[in-house]
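Participant: The opening position of the sequence shown corresponds to residue 802 in my numbering, with each subsequent residue numbered one higher.
I have a structure I would like to understand better, so I am pasting it below and will then ask my questions one at a time.
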Amino acid sequence: MSPRVPAATEPAAQAASQRSVYERLGGAEGVAMLVARFYRLMDELPEAYRVRRMHPESLAGSADSLFKFLSGWFGGPPLYVAERGHPRLRMRHLPYAIGRVERDEWLLCMRQALAEQVHDGALRALVDRAFTEMADHMVNTVASTGGQ
């Protein structure tokens with residue numbers, strides 16, 4: 802699943818729809834800025850405590866993996882797939898108890914990062930919907946444990 806820009810009939814909308822989400826976010830630089838802000842927020846927001854505890858002390862490896870995944874997911878270079886193969890997101894996250902609380906904390910950080918980094922409202926809404934669907938798919942327990 803990757804974000805898709807809906808088709809349109811107006812020339813300007815058609816031109817925009819032919820550009821990937823990756824390009825519309827500003828390419829590698831834009832995606833890197835989004836990822837960096839997302840993880841800074843995870844470190845800073847007390848409301849993200851549980852999801853932060855699920856990560857290692859240093860978020861550098863997580864940020865690198867997310868950047869590479871998003872690059873390909875958004876229609877840019879498939880960096881993650883080239884390095885690690887198919888993402889298998891749910892399988893890779895099964896060792897972590899992800900409930901609604903953890904999902905919501907993750908989305909809180911991502912939505913704030915999107916609000917700060919993505920000024921195109923339609924693009925922000927498109928990406929938010931895609932992230933919400935992905936986060937819902939990661940939920941694997943009804944309980945929230947606060948990480949491992």
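All C-beta atoms, glycine included, are put in the ideal place defined by N, C-alpha and C.
All values reported here derive from a predicted model rather than from experimental measurement.
Between which two residues does the alpha helix (DSSP H) harbouring Phe868 extend?
Facilitator: In the sequence shown, the residue the question calls residue 868 occupies position 67. Looking at the DSSP string, the run of the alpha helix (DSSP H) that includes Phe868 is Ala861 to Trp874.
Participant: May I ask you to report which of helix, strand or coil DSSP gives Arg851?
Facilitator: Indexing the sequence shown from 1 puts residue 851 at position 50. Of the three classes helix, strand and coil, the one that applies to Arg851 here is helix, per DSSP.
Participant: Comparing alpha-carbon positions, which option in Ala936, Ala833 and Leu915 lies nearest Lys869?
Facilitator: Looking up residue 869 in the sequence shown gives position 68. That would be Ala833, whose Cα lies nearest to the Cα of Lys869.
Participant: Check whether the segment 857-871 touches the segment 838-848, taking contact to mean three or more Cβ pairs, one atom from each stretch, closer than 8 Å.
Facilitator: The segment 857-871, when compared against the segment 838-848, does touch it at the 8 Å Cβ threshold.
Participant: With H, G and I counted as helix, E and B as strand and the rest as coil, what does DSSP make of Ala931?
Facilitator: By 1-based counting over the sequence shown, the position of residue 931 is 130. In this structure, Ala931 counts as helix in the three-state DSSP scheme.
Participant: Using DSSP with H/G/I as helix, E/B as strand and the rest coil, what is Asp844?
Facilitator: For the purposes of this step, residue 844 is identified with residue 43 of the sequence shown, where counting begins at 1. Asp844 falls in the helix class under three-state DSSP.
Participant: Please classify Glu934 as buried or exposed, where buried requires at least 16 neighbouring CB atoms within 10 angstroms.
Facilitator: Taking the sequence shown and counting its residues from 1, the one referred to as residue 934 is at position 133. Exposed.
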